[in-house]
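> I'd like to ask you about the structure that follows.
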Amino acid sequence: GTGGAIDIGGAANASILVENNWLRSNEARRGGAVHMVITGTGASATVRNNTFQDNEAVDGGNLAVFGWQLFLQHNTFDDGRATNGGHLRLEGTDVRQFSNNLMT
């Protein structure tokens, strides 16, 4: 399936916040820990102050995002495993901010 821990589907103009989580040892086909997909326009997602550790997927070992305006701030990505995007897989995503993230 999608989103080993969290699977988010959004509609046009949705606003999503994923904050202050420790997501560890999850598995999925897409988004080992978190999978987000949007079906409309104008949606934004903020992923802030999370630790992604030891997650696994075919696409996006830790996080897979499809079609959002994305803000990634102060996250730790550790030991993500995937065929495509060990830590992070983005497709059709408008990355508005990528700051203070640690990828190990």
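The sequence shown begins at 234 in this note's numbering and counts up one residue at a time. For glycine and all other residues, C-beta sits at the position ideal for the given N, C-alpha and C.
(1) Given this structure, state the Cα-to-Cα distance separating ASN253 from LEU296, to the nearest angstrom.
(2) Determine the DSSP secondary structure at TRP301, reduced to helix, strand or coil.
(3) Could you give the DSSP three-state label for GLY234: helix, strand or coil?
(4) Do the CB positions of PHE310 and LEU303 come within less than 8 Å of each other?
(5) Taking 7 Å as the limit between beta carbons, can you name the residues of its chain near VAL267, skipping five residues before and five after?
(6) Taking 8 Å as the CB-CB limit, is THR316 close to chain D?
(7) State the DSSP-derived secondary structure class of HIS320, mapped to helix, strand or coil.
(8) Tell me whether LEU335 is buried or exposed, calling it buried when 16 or more other Cβ atoms sit within 10 Å of its Cβ.
(9) Since I believe ALA245 is in contact with ALA290 (beta carbons under 8 Å), could you give me their beta-carbon distance rounded to a whole number of angstroms?
On the basis of the supplied data:
(1) Whole-angstrom Cα-Cα distance: 15 Å.
(2) Coil.
(3) In this structure, DSSP gives GLY234 a state outside helix and strand, which the three-state scheme calls coil.
(4) No, Cβ-Cβ distance for PHE310 and LEU303 is not below 8 Å.
(5) These residues qualify, in order along the chain: GLY236, ALA238, ILE239, VAL251, LEU256, LEU296.
(6) No chain D is present in this structure, which holds just one protein chain.
(7) Of the three classes helix, strand and coil, the one that applies to HIS320 here is coil, per DSSP.
(8) LEU335 comes out exposed.
(9) Between ALA245 and ALA290 the Cβ distance is about 26 Å, and since that is not below 8 Å, they are no contact.
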